[in-house]
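In the working numbering, the protein residues as written are 175 to 296.
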């Protein structure tokens, strides 16, 4: 995949997570987390959603002419997410099925962006 398309896909996927956390966290918190062990905090979720949206929009802005650094930063974000999920899963907070599914999705997205970054000149 070309770097421009990889950044666009990364951005759209990031916006999907942003919408879940920022606009519908009450719906998605019980899907991802064990509510007996992880309490929902609307304000923190909205703030997190806003941060994800900002990052995704930054990637979209960079997609026209992505740099290797911008792409590797996006890849690092995707590739580190499964580690956070694994820790939360081990603590019994993040549901194992969601950690596996989302961890695989994030690792694949991170790998795709990292691979595409090798096509950038800088």
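All C-beta atoms in this analysis are idealised placements derived from N, C-alpha and C, irrespective of residue type, glycine included.
Q: Could you name the residues of the same chain whose beta carbon sits closer than 7 Å to that of residue 291, not counting the 5 residues immediately before and after it, in chain order?
A: 177, 242, 245, 246 and 249
(Q) Below 8 Å on the Cβ atoms is my contact criterion, and I expect residue 255 with residue 280 to pass it. Report the Cβ-Cβ distance as a whole number of Å. (A) 4 Å
Q: Identify which residue in 234, 226, 183 and 179 has its Cα closest to the Cα of residue 195.
A: 226
(Q) On the DSSP letters alone, give me the boundaries of the alpha helix (DSSP H) that residue 200 sits inside. (A) 199-206
Q: Give me the Cα-Cα distance between residue 219 and residue 228, rounded to the nearest whole angstrom.
A: 14 Å
Q.
Can you check which of these residues, 275, 239, 268 and 277, is closest to residue 214 by C-alpha distance?
A. 268
**Q.** Sequence ranges, alpha helix (DSSP H) only - wholly within the segment 201-248, length at least 4
**A.** 216-236
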